[in-house]
Amino acid sequence: MSKFKGTDFYQIEMLLNDEERLIRNTVREFIENEFLPVIRDNYRNAEFPSDLIPKMGKLGLIGANLHGYGCPGLNNVAYGLINQELERGDSGIRSFVSVQGSLVMYPIHTFGSEEQKQSWLPKLASGEAVGCFGLTEADFGSNPSGLRTRAEKTNDGWLINGEKMWITNGNLADIAVIWAKTDNGIRGFLVEKGTPGYTDKPIRGKLSLRASDTAELLFDNCLIPENNLLPETVGLRDALKCLSQARFGIAWGVIGAAMACYEEALNYANNRIQFSDKPISSHQLVQEKLVYMLTEITKAQLLALQLGRLKDNNKATTAQISLAKRNNVYHALEIARHARQILGANGILDDYQSMRHMCNLETVITYEGTHDIQTLILGKQITGHNAVF
Ligand SMILES: Cc1cc2nc3c(=O)[nH]c(=O)nc-3n(C[C@H](O)[C@H](O)[C@H](O)COP(=O)(O)OP(=O)(O)OC[C@H]3O[C@@H](n4cnc5c(N)ncnc54)[C@H](O)[C@@H]3O)c2cc1C
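Residues in the sequence shown are numbered consecutively from 13, following my numbering.
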């Protein structure tokens, strides 16, 4: 019997078109040649590899599924595959692209004025500018409707006061999409770096997503021009629409992390000898772990692919996206944990990738709506009832 190699057990490759395959292979090569050689040191030093931002722009990886204004205009499956290959490298680099594309460019594209689109989207797509998205506050994570940041209308524009917490790309950002309460509900605003009263502070001591920039943002009587309001935002539901876009990318991205862990564990298990002259991959309990890993990777790929095809036909629902985020992140994290165990003591060293992916996925299962919050969204979809608190 010939030995199966790789992670495409169901020949999902057949379901991709030539352009999708080409894009996936290009990103895979970029990650192998330019990212994997540096990620260990970046992770140790808690630094995002910012020098790769313009390269990602040039490759068309930023805001890839948006159309016009210098955006690549790819379909959603190609966009998903980009996320998968980036996260095969590290969740941090995929998070950069998710935030910039889904949480900054998407709201400008969807809710922005023509002037805002023209002035920001081309720069963000090329990587010339960086953006961040500020919804979460220290006391309002899963329940953003309670947020306290306020935007007061004055004769000179909008006066913003408040604090945002856990903001990806927050220190790097040239532009922040900030969600604040106004007299007419929650609206989105563009706040430019350098505006008096706007400061960013790095969040230190992360044991997860170390090679990603995370900040606290402070707004102290920060006056922004009137036309920095995203005019088409009408309430919190618009911020949640952005999160749904990001969750779609996450559902694809984590498959890449799971693939990297599975491949590392299989290779290790085939070479590590214990108890006899046979590799540990010949033991039943190790095989059980590897079978679980490949089964869940296969299911996750099929789920993400069908979701991408639905999204390309404008048929993907918020609940379907939640299901894919919930399922794929949960199993990617389990796969990373299994891989780390197969690697034994070596698995705790950063010479290997699995523990880095495992630590990262602890963030991914928490952000953009925790696993439990996705459960509540789905529970409501199935039963019609808000869960009883
Ligand atoms: C590295 C990192 C990057 C991030 N990047 C961004 C960003 O760029 N922009 C941004 O706005 N935010 C960002 N976040 C914030 C993230 O979205 C929030 O952390 C997340 O929404 C959870 O909020 P919380 O941490 O306050 O947890 P909490 O809301 O306090 O939840 C704690 C626990 O309680 C559970 N829980 C809460 N409510 C319920 C309920 N009703 N029923 C059952 N269980 C419940 C949760 O599932 C969770 O397990 C980031 C977070 C991290 C860690």
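Every residue gets a Cβ at the ideal spot worked out from N, C-alpha and C, and that includes glycine.
Buried or exposed, going by whether 16 or more other CB atoms sit within 10 Å of the CB of residue i?
i	result
glutamate 97	buried
threonine 245	buried
tyrosine 118	buried
alanine 61	A quick correction: the sequence has proline, not alanine, at residue 61. So proline 61 ends up on the buried side.
threonine 166	exposed
lysine 337	buried
Can you grab the Cα-Cα spacing for the pair residue i / residue j, in whole Å?
i	j	result
arginine 335	lysine 327	Note that residue 335 is leucine in the sequence shown here, rather than arginine. Cα to Cα, the separation comes out at about 15 Å.
aspartate 53	aspartate 63	14 Å
leucine 159	glutamate 228	15 Å
threonine 307	valine 298	14 Å
lysine 323	glutamine 23	22 Å
glutamate 44	glutamine 130	34 Å
asparagine 37	serine 366	22 Å
isoleucine 354	threonine 19	18 Å
isoleucine 360	arginine 352	7 Å
For residue i, name the three-state secondary structure that DSSP assigns.
i	result
threonine 310	helix
threonine 180	strand
aspartate 324	helix
glycine 80	strand
glutamate 204	strand
isoleucine 51	helix
isoleucine 105	helix
arginine 222	coil
arginine 162	strand
isoleucine 16	Residue 16 is actually phenylalanine in this sequence, not isoleucine. DSSP places phenylalanine 16 in coil when its eight states are reduced to three.
aspartate 212	strand
threonine 329	coil
proline 134	helix
phenylalanine 21	coil
asparagine 340	helix
glycine 217	coil
valine 142	coil
alanine 348	helix
glycine 75	coil
lysine 193	strand
isoleucine 187	strand
Is residue i close to chain B, meaning its C-beta is less than 7 Å from at least one C-beta of that chain?
i	result
glutamate 164	The structure shown contains no chain B, having only a single protein chain.
Query raised in the report: Below 8 Å, can you find three or more Cβ-Cβ pairs linking the region 181 to 200 to the region 257 to 277?
Result: no
Query raised in the report: Would the region 74 to 86 and the region 209 to 221 be scored as touching if the rule is three or more Cβ pairs under 8 Å?
Result: no
**Report entry** Cβ pair count under 8 Å reaching 3, the region 283 to 291 against the region 302 to 321
**Finding:** no
Report task. Could you say if the region 234 to 244 and the region 372 to 391 meet the contact criterion of at least three C-beta pairs nearer than 8 Å? Result -> no
Query raised in the report: At a cut of 8 Å, does the region 132 to 143 reach the region 68 to 79 through at least three beta carbon pairs?
Result: The region 132 to 143 is in contact with the region 68 to 79.
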